[in-house]
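For the sequence shown, position 172 matches number 172 in the numbering used here, and the numbering has no gaps at all. Backbone N, C-alpha and C fix where the C-beta goes; we use that ideal spot for every residue, glycine too.
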Amino acid sequence: MNISGAIFDLDGTLLDSTEIWEGVAARYITSLRKNPEPDLRKKTKAMTLPVLCSYLKDEYRIATTESKIAKGFNTILREDYLESADIKEYVPILLEKFKQKGVAMCVTTSTDKAIADEILVRLGIRDYFTFIMTCEEAGGDKESPKIFRDALEKLGTPKGETVVFEDGLLAIRGAKEADFYVIAVADKNEAQNKAEVQELSDRYIESFEELL
């Protein structure tokens with residue numbers, strides 16, 4: 001396949017960071033001296049930040065605005081990112097390889113854009129990407145094909161030459177619904193969905209080393 005464009009997910013794909021998302025909503029609720037549901041992450045996994053804030057406000061009867069909930073949530077998220085998020089092995093080598101070949105690259109993510117930008121700068125890979133597109137900007141979550149279609153339009157590469165890199169089952173479904181070639185990246189937090197991810201994606205890799 002001739003690749004001229006690449007759309008990368010952030011958490012679990014470029015970064016070893018999905019565990020941060022696993023606990024951040026619960027940490028936020030705990031910070032309010034409330035008890036989070038045991039399955040809170042499962043219930044909110046596919047939500048965009050505005051939808052998540054609305055859910056938390058209603059479910060936990062939080063007496064503040066959704067924008068203030070988002071601010072508090074992102075404060076905790078940013079602290080966790082800066083403390084523990086790390087790049088996955090061989091990612092910088094692959095990005096440099098793509099750059100040398102003239103591949104246009106972008107990031108699509110559920111993470112707040114300012115946080116995503118800051119962490120990519122800290123890890124030294126921000127300049128490889130022409131832009132970061134969030135689910136909030138696209139007006140849908142990763143299970144919707146819209147964010148991938150919007151990213152492709154902005155990237156300006158032919159769909160038949162553009163690859164989506166994702167780790168999450170829901171996001172892979174969205175990318176496949178948009179008819180993209182999808183390379184699934186193994187991540188421990190999607191281990192329970194491995195068989196379905198392998199079946200749905202066009203290629204499954206345990207490590208980016210396989211693409212070098």
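Asked	Found
Ignoring anything shorter than 4 residues, give me the alpha helix (DSSP H) runs that lie fully in the stretch 3-55, in order along the chain.	18-31, 40-44
Just to confirm, are Val24 and Ile76 a CB contact at a threshold of 7 Å?	yes
Indicate the three-state DSSP secondary structure (helix, strand or coil) for Thr75 in the structure shown.	helix
Taking only runs of the alpha helix (DSSP H) that begin and end inside the stretch 113-158, which ones reach a length of at least 4 residues, in chain order?	113-122, 135-138, 146-155
Quick test of the definition: if touching needs 3 or more C-beta pairs under 8 Å, does the stretch 145-155 touch the stretch 14-31?	no
Tell me the rounded alpha-carbon separation between Ser207 and Lys188.	12 Å
Just verifying my parser: in three-state terms, what is the DSSP assignment at Asp202?	coil
Using a Cβ-Cβ cut-off of 8 Å (strictly less than) and excluding sequence neighbours within five positions of Lys176, which residues of its own chain qualify?	Val182, Leu200, Ser201
Where do the ends of the beta strand (DSSP E) carrying Phe98 lie?	Note, Phe98: premise wrong, no beta strand (DSSP E); alpha helix (DSSP H) at 91-100.
Using beta-carbon positions only, say whether Glu66 and Ser54 come within less than 7 Å of one another.	yes
Output the boundary residues of the alpha helix (DSSP H) element that contains Ile172.	169-177
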